[in-house]
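The structure under discussion appears below in the form of structure tokens.
Structure representation (structure tokens):
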């Protein structure tokens with residue numbers, strides 16, 4: 001599904017997160033922007049990450065919780081980019097959501113492997129902060145053909161951590 | 001003996017009139033290498049691959065003359081006009097967002113890439129095109145100049161001949177890596193005869209015209225070189241590019257490797 005838009009520019013144009021189009025009422029872009037990508041390398045990197053995340057931490061959450069965390073983080077990133085940033089004008093890619101899911105799973109995993117999960121969560125936080133501070137990697141940028149929106153990763157981790165805390169310590173309002 | 005000396009003096013005075021207008025050979029030039037490496041230092045060998053954010057913000061400027069006090073024959077205003085003409089040829093290309101025409105005076109104070117860095121920060125530039133030039137003029141008297149003796153001939157007989165050769169060369173640099181991206185040369189050769197009294201004025205006009213023609217020639221070749229450079233990005237990877245206005249979310253390679261490690265550990269723990 002994440003590869004949805006790479007084969008057709010019209011599909012990417014219709015689904016990408018686009019500041020002007022969202023202002024014109026195309027609110028689906030807040031979510032669908034995460035599903036389209038700039039090129040096949042971009043798709044491979046993010047789908048590869050999704051696959052690895054599933055293998056490594058897939059069992060930490062129920063399918064329903066994964067979906068809720070993915071949709072919630074996608075929406076949070078989309079809204080945050082729209083209301084609190086002036087750049088980019090357009091955004092595509094799943095990595096913000098992947099960062100959120102990674103953080104969610106790590107927070108939940110503190111239940112079983114507290115120290116390891118905390119160390120990994122801390123490493124993830126340091127990674128996204130450094131990314132924002134140093135504007136991301138030029139190598140990744142040249143691979144995907146657009147600058148990496150590192151702040152989407154940061155917001156993803158923040159939202160994912162909150163979702164993880166909710167799943168871990170909340171009353172389980174959103175499934176079990 | 002006195003008559004002979006007088007004759008020699010008179011002949012010298014008349015035939016040397018054109019020379020007196022500035023000498024038989026005049027020239028003006030600006031050197032890109034001398035400007036960028038004023039102390040003779042060698043360019044760094046490892047500069048990395050330029051990474052360009054499209055559309056690029058470009059600047060264009062004349063390299064100041066390295067010979068202090070020499071006159072290029074062009075006023076600052078005329079130089080600005082020529083650069084604007086070149087700029088117009090590139091406006092509208094979808095991968096160029098803006099082209100700033102930078103006054104030569106801004107580059108006179110300092111030399112080297114430090115000066116380029118300053119200008120790039122001031123104008124917010126990604127790349128800068130530096131135009132260096134070399135113009136040589138040869139002035140000589142034709143056989144008709146013998147009529148300058150008549151005084152009236154100095155006003156009406158075009159006995160002075162001027163040859164003007166102009167070469168301009170534009171080198172486009174990536175500001176961040178200081179790497180030469182591509183270059184485009186242009187040249188012009190003009191000849192003009194004039195009367196003695198009109199010699200300086202005619203020469204100045206032709207020098208100006210020659211500069212204009214050389215700049216037009218350079219603009220054409222720079223346009224062609226730009227297309228070649230675009231192809232080289234695709235085929236040879238001489239630079240990497242990304243879109244400036246858009247943004248993407250991509251997992252970087254270290255995180256992917258980390259996830260691979262984590263997945264492997266997880267699989268081992270569960271088996």
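Chains as they are written, first to last, in my numbering: chain A, 1 to 176; chain B, 1 to 271.
Virtual Cβ for every residue (Gly too), placed ideally from N, Cα, C.
At a cut-off of 8 Å, the C-beta of residue 32 of chain A has no neighbouring C-beta in chain B. According to the DSSP assignment, residue 227 of chain B belongs to the alpha helix (DSSP H) that extends over 199 to 235. Excluding its 5 nearest sequence neighbours in each direction, residue 181 of chain B has C-beta neighbours in its own chain below 8 Å: 50, 127, 172, 173, 174, 229, 238, 239, listed in chain order.
Residue environment analysis places residue 148 of chain A among the buried positions, since at least 16 neighbouring C-beta atoms fall within 10 angstroms of its C-beta. At a cut-off of 8 Å between beta carbons, residue 267 of chain B contacts chain A. Residue 62 of chain A and residue 129 of chain A have their alpha carbons spaced roughly 29 Å apart. For a cut-off of 8 Å, the C-beta gap from residue 151 of chain A to residue 54 of chain A is around 25 Å, too long to register as a contact. Put simply, the CB of residue 104 of chain A is far from chain B, with every gap to its CB atoms at 8 Å or more.
Residue 133 of chain B: member of the beta strand (DSSP E) spanning 127 to 141, first to last residue.
For the stretch 35 to 52 of chain B, the beta-carbon criterion of a distance under 8 Å to any beta-carbon of chain A is satisfied by 51. In the structure shown, the three-state DSSP call for residue 162 of chain B is strand. By the 16-neighbour rule on beta-carbons within 10 angstroms, residue 84 of chain B is exposed.
In chain order, 95, 96, 99, 128, 131 place their CB closer than 7 Å to the CB of residue 153 of chain A, counting only its own chain and leaving out the 5 sequence neighbours on each side. Note on geometry: alpha-carbon atoms of residue 88 of chain B and residue 62 of chain B lie some 16 Å from one another. In terms of beta-carbon proximity, residue 251 of chain B lines the interface with chain A, with at least one pair separated by less than 8 Å. When rounded, the separation of the alpha-carbon atoms in residue 107 of chain B and residue 41 of chain B is 19 Å.
Residues of chain A whose Cβ lies closer than 8 Å to the Cβ of residue 240 of chain B are, in chain order, 138, 141, 142.
For residue 194 of chain B, the enclosing beta strand (DSSP E) covers residues 179 to 194. Residues of the stretch 38 to 61 of chain A with a C-beta less than 8 Å from any C-beta of chain B: 38, 42, 45, 46, 48, 49, 52, 53, 55, 56, 57, listed in chain order.
Shortest Cα-Cα distance from residue 193 of chain B to any of B:145, B:162, B:227, B:121 involves B:162.
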